[in-house]
Structures are given as C-alpha cells and as structure tokens.
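Shown next, in structure tokens, is the structure this report addresses.
Number of protein chains: 2
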Amino acid sequence: MSSMTRPGDLTPQARIRNAALELFGDQGYDRTTVRQVAQRAGVSAGLVIHHFGSKEGLRQACDDWVTAVILDEKSIVSSGGSLPQLQVYLSDHPELAPIMNYLVASLKQGGEMAGSVFDRLCAVTSQLLDEGIAAGTMREPSDREAAIATMVAFSTGASVLGPLIAARLGGTTLLDPGVYPRYAVAALELFTHGLLTDSHLLDQARPVPPERQA
Amino acid sequence: MSSMTRPGDLTPQARIRNAALELFGDQGYDRTTVRQVAQRAGVSAGLVIHHFGSKEGLRQACDDWVTAVILDEKSIVSSGGSLPQLQVYLSDHPELAPIMNYLVASLKQGGEMAGSVFDRLCAVTSQLLDEGIAAGTMREPSDREAAIATMVAFSTGASVLGPLIAARLGGTTLLDPGVYPRYAVAALELFTHGLLTDSHLLDQARPVPPERQA
DNA sequence: GTCTATATAATGATAGAC
DNA sequence: GTCTATCATTATATAGAC
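Set out below in structure tokens:
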C-alpha cells in the first residue's frame, strides 16, 4: 500500500496531518506554527484551520493518527514494552519514523497521549512478565506494579534521553549503529545480573517489617 | 543565609531571575512570556529586558544560576549520580525545589544545560563505580562507558517521566511519600538481582565473538 | 534603575471570493 | 475545497521620561 502512494497522491488533509506530525515531532508543538505546517503541506494557512478547526485540533488529529497506526498495532507487542526496541523494530519501516519521533516528543511534553502510551507499554510489560515467570525466565518482583512502572520508565527514558546517551558513546542518536548495540547490552546486563553484588543498599531502602518496628 | 533573607530583600534582578526559574520550570520556556516573569517578580516587562537583554539572555542567567548552585555542589555527589535521589536529598531544602524543577525541565527540552547535567551525573557515577568495584560491592560491566550512560539515563528518565510513574502508583509526583519508596525499592531490586533469571536474552544481544564468526 | 508608552513582527483564526 | 486578504491578539524588544 505504501509502495502504491506518492506524496502527490495524498489528499490535502493527509498532507497537512503528515506535515504537522513531522514538525511537532522535530520542533515540538509550541515552536511549530500553522504557517509552517501549511507551507510543508503545500497549502494555505487558512486551509489548515478550515480542515482541523484550530492548531489544537490539528494536534488531536495527529494523536489520533499515531494511536491508530502504532498503539493498537501488534508492533507495540513485539517491542516487549521497550520503546527503544520498538524504534529498532520500526527501523525497517522508514515511513513510520516520523510517527515514532512524534511519539517520543509527546512523551517529553507529557499530556494525554503520553499517559496512554505509557499505560500501553505497562500493559505489554505486565503480560510479558507473566509469561516470563511462568516459563521460569523471569523472577517475580516484590512490588509488581512498581516494578513494571519502573522498567517502562527506564526504557522509555532511554528513548527520550537518547541523544544524551548517544553523545557519550560517539553518536548522535540512540539508534546509531555504533550506539544502540552498546546500549542494548548494557541494559540487558543490568536486567540480568544487576550491578550490585550484594543487597545491602536494597535492604536499606526496604521498609522496616512491622514486627521489627518500635 | 537563606534564613536571613525575605522576598522583599532581594534585588529586582534576583527576583526576576527567581521568577523566571519557577515559570520556566513549571510551564517550559516557550509557554512562558516576559510579561509573566515581570508580573511575578513585581516589576515592569521593560525592566526584565533592560537587565537581561532578551528572553534568551534570561534563560542563560537561569542556566548559570542553576549550574552555580547545584551542579558544582557536593549535593550532586551525594546523589550517587541518580537524579531522583538528588531530588529526595533536596527535599530538606524547599528553597531549592524550583531549581530541581528547572533542572528536570531542562533535561526534557534538551539543549546545552541538559548535556552538562548528564555529563556531570555520569562523572559521579563513574567515580562511584570505581569505589564500588574496589570495595567489592559492584561488579565491572562489560562496557563501562555504555553502562554508565545507560544507568544515568535510566535514573534521569525516571525523574523526567516521574508524573507518569506516579500516576500508575496512585500519586502525582515521583517524590510523593506513597510513590517514591516503591520506586526506589523496584529500581534497587533491578540493580541488585536483575529481572531475568538467565542470560539467554543477553547472549543474543551480545556481538558474536570474532573467533566464532564465519 | 525603573517606569510607561510604543514600535514591530508574528501568531491563531476569520471572512468572503472563486 | 481552496485561496487571498485581513483581523485581533499577543509577543519580544525599544525609546525616552523620571
């Protein structure tokens, strides 16, 4: 299907939405103007408002589009609840790169879409945790809800802070060929052995059991 | 010193800078106007520009101020390279809360300050890793640079995505009393045992050793 | 140093012709 | 559906009085 469409074949609505998606993802919502979107889509500024009502309406259309394409897709399941891995998974589909970009930008900014993405990743992680425990490849965390939220936050944070990780590893993007494998191994090493050899820090952080309180 | 100063005692410059710090941290740079800053500082909009040259100059002043107060401080060392732990550490100093807030907002937005904060946290982490390995409480990662960048990204990401973690744990902020202990235990558990019981995923991710390649 | 008043530019959104 | 022209607002920044 995507091999059957060229930019000129898309309706003005679709072109506007795609242009907004790219600009919102690259520059952020605030720094993007309706006129910029119009120019990139090759239409007038008035038409943008005519179709989407307002700039906010345009954002909503982008959110809906991303939700429809990615969030309800099987792709997010095969990501294992890890946003960086989803990015890698989608590297084979360059036409989806702007969508991933928009997703990460939404996470940064917070807001409605950020919450639903985060929840979706948590749901996937929860399911994979069940399967892993049943198969004996994962251990049951002491606080399941907290463990899931923490893991998803870690991997999602890695996507959001990807450029900073990359800068220290001699690249510009987390997905750079010289960067991602090193990140992936480091993350998995952490998730496998951990970093600490004993549990004294953990014991300190754990709440005092009731029978030992004064 | 801070117990010897009241808001009215501060110079207009300092009040403007503090007001900008709060607003930039809460709303972000883009959504904050010079007029908002002026109003909160109790001065005219013209004076803001007169003192700082431009809105961008005002941001630079905020960056410099935060760098001077936090980044070169011993507080960041006692954070263990973990931004959430630094936030906890600073909970005893409510007057520094806006500074932490600004720091997290800067990390989200990227830019110059984000890089220097990240590097500083990595430096602290590197030093603690040395000490931990020498003391036998930490194990040497296979890729030291990558491990450090990854760990710092994880904990920093937890601060940036704090509201999303909190929302799933029945709170609004990572530092909420009902939220932070659960996050801390989950994170330390991950750093101690890991989550995976065996290393088959890790082995898959590791590059093939040279002698085993075709 | 500080204010008021204003210049200048850009923004989101509207109106009406085609 | 699409455009051009324009409105009304708001933004940063400047000028000059005090």
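Which chain is which? The protein sequence lines are A and B, in order. The end of the first sequence is residue 214 by the working numbering, with every number in the run present. The end of the second sequence is residue 1214 by the working numbering, with every number in the run present. Note that the Cβ used here is the ideal one computed from N, Cα and C, for glycine as well.
Using DSSP with H/G/I as helix, E/B as strand and the rest coil, what is residue i?
{"i": "Leu-1196 (chain B)", "result": "strand"}
{"i": "Val-1152 (chain B)", "result": "helix"}
{"i": "Thr-1032 (chain B)", "result": "coil"}
{"i": "Glu-112 (chain A)", "result": "helix"}
{"i": "Arg-206 (chain A)", "result": "coil"}
{"i": "Val-217 (chain A)", "result": "Any answer about residue 217 (chain A) is impossible in this case: the structure gives chain A only from 1 up to 214."}
{"i": "Gly-46 (chain A)", "result": "helix"}
{"i": "Asp-1143 (chain B)", "result": "coil"}
{"i": "Leu-129 (chain A)", "result": "helix"}
{"i": "Ala-214 (chain A)", "result": "Any reading at Ala-214 (chain A) needs caution, since the residue's pLDDT is 46, under 50, leaving its predicted position unreliable; the model's value is listed next. Of the three classes helix, strand and coil, the one that applies to Ala-214 (chain A) here is coil, per DSSP."}
{"i": "Glu-1073 (chain B)", "result": "coil"}
{"i": "Leu-10 (chain A)", "result": "coil"}
{"i": "His-51 (chain A)", "result": "helix"}
{"i": "Ser-1079 (chain B)", "result": "coil"}
{"i": "Thr-1067 (chain B)", "result": "helix"}
{"i": "Gly-1157 (chain B)", "result": "helix"}
{"i": "Gly-1171 (chain B)", "result": "coil"}
{"i": "Ala-1019 (chain B)", "result": "helix"}
Would you grab the beta carbon distance between residue i and residue j for me? Rounded to a whole angstrom, and I think it's under 8 Å.
{"i": "Ala-1158 (chain B)", "j": "Gly-157 (chain A)", "result": "6 Å"}
{"i": "Val-1034 (chain B)", "j": "Gly-1081 (chain B)", "result": "So it is not a contact: roughly 36 Å between Cβ atoms."}
{"i": "Val-1117 (chain B)", "j": "Leu-1103 (chain B)", "result": "6 Å"}
{"i": "Asp-1203 (chain B)", "j": "Val-185 (chain A)", "result": "Not confirmed; about 10 Å, so no contact."}
{"i": "Leu-21 (chain A)", "j": "Ile-70 (chain A)", "result": "12 Å between Cβ atoms; not a contact."}
{"i": "Lys-108 (chain A)", "j": "Lys-1108 (chain B)", "result": "5 Å"}
{"i": "Ala-149 (chain A)", "j": "Gly-25 (chain A)", "result": "At roughly 25 Å, the Cβ-Cβ gap does not stay under 8 Å, so Ala-149 (chain A) and Gly-25 (chain A) are not in contact."}
{"i": "Gly-194 (chain A)", "j": "Phe-1191 (chain B)", "result": "5 Å"}
{"i": "Leu-1010 (chain B)", "j": "Met-138 (chain A)", "result": "With a Cβ gap of about 54 Å, Leu-1010 (chain B) and Met-138 (chain A) do not count as contacting."}
{"i": "Gln-1036 (chain B)", "j": "Leu-1175 (chain B)", "result": "Contact flag wrong, Cβ pair sits at about 26 Å."}
{"i": "Leu-83 (chain A)", "j": "Leu-121 (chain A)", "result": "7 Å"}
{"i": "Val-1160 (chain B)", "j": "Val-77 (chain A)", "result": "Between Val-77 (chain A) and Val-1160 (chain B) the Cβ distance is about 25 Å, and since that is not below 8 Å, they are no contact."}
{"i": "Asp-1072 (chain B)", "j": "Asp-30 (chain A)", "result": "With 8 Å as the limit, Asp-1072 (chain B) and Asp-30 (chain A) do not qualify as a contact, their Cβ atoms being about 31 Å apart."}
{"i": "Pro-1141 (chain B)", "j": "Glu-140 (chain A)", "result": "At roughly 25 Å, the Cβ-Cβ gap does not stay under 8 Å, so Pro-1141 (chain B) and Glu-140 (chain A) are not in contact."}
Which residues does DSSP list as the beta-bridge partners of residue i?
{"i": "Met-138 (chain A)", "result": "B:Leu-1196"}
Count the other CB atoms, across all protein chains shown, that sit within 10 Å of the CB of residue i; report buried if there are 16 or more and exposed otherwise.
{"i": "Glu-1095 (chain B)", "result": "exposed"}
{"i": "Ser-277 (chain A)", "result": "Outside the shown range of chain A (1 to 214) lies residue 277 (chain A), about which nothing can therefore be said."}
{"i": "Val-1048 (chain B)", "result": "buried"}
{"i": "Gly-162 (chain A)", "result": "buried"}
{"i": "Val-208 (chain A)", "result": "exposed"}
{"i": "Asp-1166 (chain B)", "result": "This sequence places Ala at residue 1166 (chain B); Asp is not what is there. By the neighbour-count rule (16 or more Cβ atoms within 10 Å), Ala-1166 (chain B) is buried."}
{"i": "Glu-131 (chain A)", "result": "exposed"}
{"i": "Ala-1187 (chain B)", "result": "buried"}
{"i": "Ala-38 (chain A)", "result": "buried"}
{"i": "Ala-1214 (chain B)", "result": "Note that Ala-1214 (chain B) scores a pLDDT of 45, beneath 50, so its modelled location is shaky; the value from the coordinates is reported in the next line. Exposed, since its Cβ has fewer than 16 Cβ neighbours within 10 Å."}
{"i": "Ser-54 (chain A)", "result": "exposed"}
{"i": "Thr-32 (chain A)", "result": "buried"}
{"i": "Asp-1222 (chain B)", "result": "Outside the displayed span of chain B (1001 to 1214) sits residue 1222 (chain B), for which this structure offers no information."}
Is any heavy atom of the ligand ADP found at a distance shorter than 7 Å from the C-beta of residue i?
{"i": "Pro-163 (chain A)", "result": "With respect to the ligand ADP, the structure offers nothing, as it holds no ligand at all."}
- Would you call the segment 31-50 of chain A and the segment 105-116 of chain A touching, i.e. three or more CB-CB distances under 8 Å? no
- Task: Examine the Cβ distances between the segment 1050-1065 of chain B and the segment 1010-1024 of chain B and report whether three or more of them are shorter than 8 Å.
- Result: yes
- Task: Taking 8 Å as the threshold, find out whether the segment 125-137 of chain A comes into contact with the segment 1171-1187 of chain B through three or more Cβ pairs.
- Result: no
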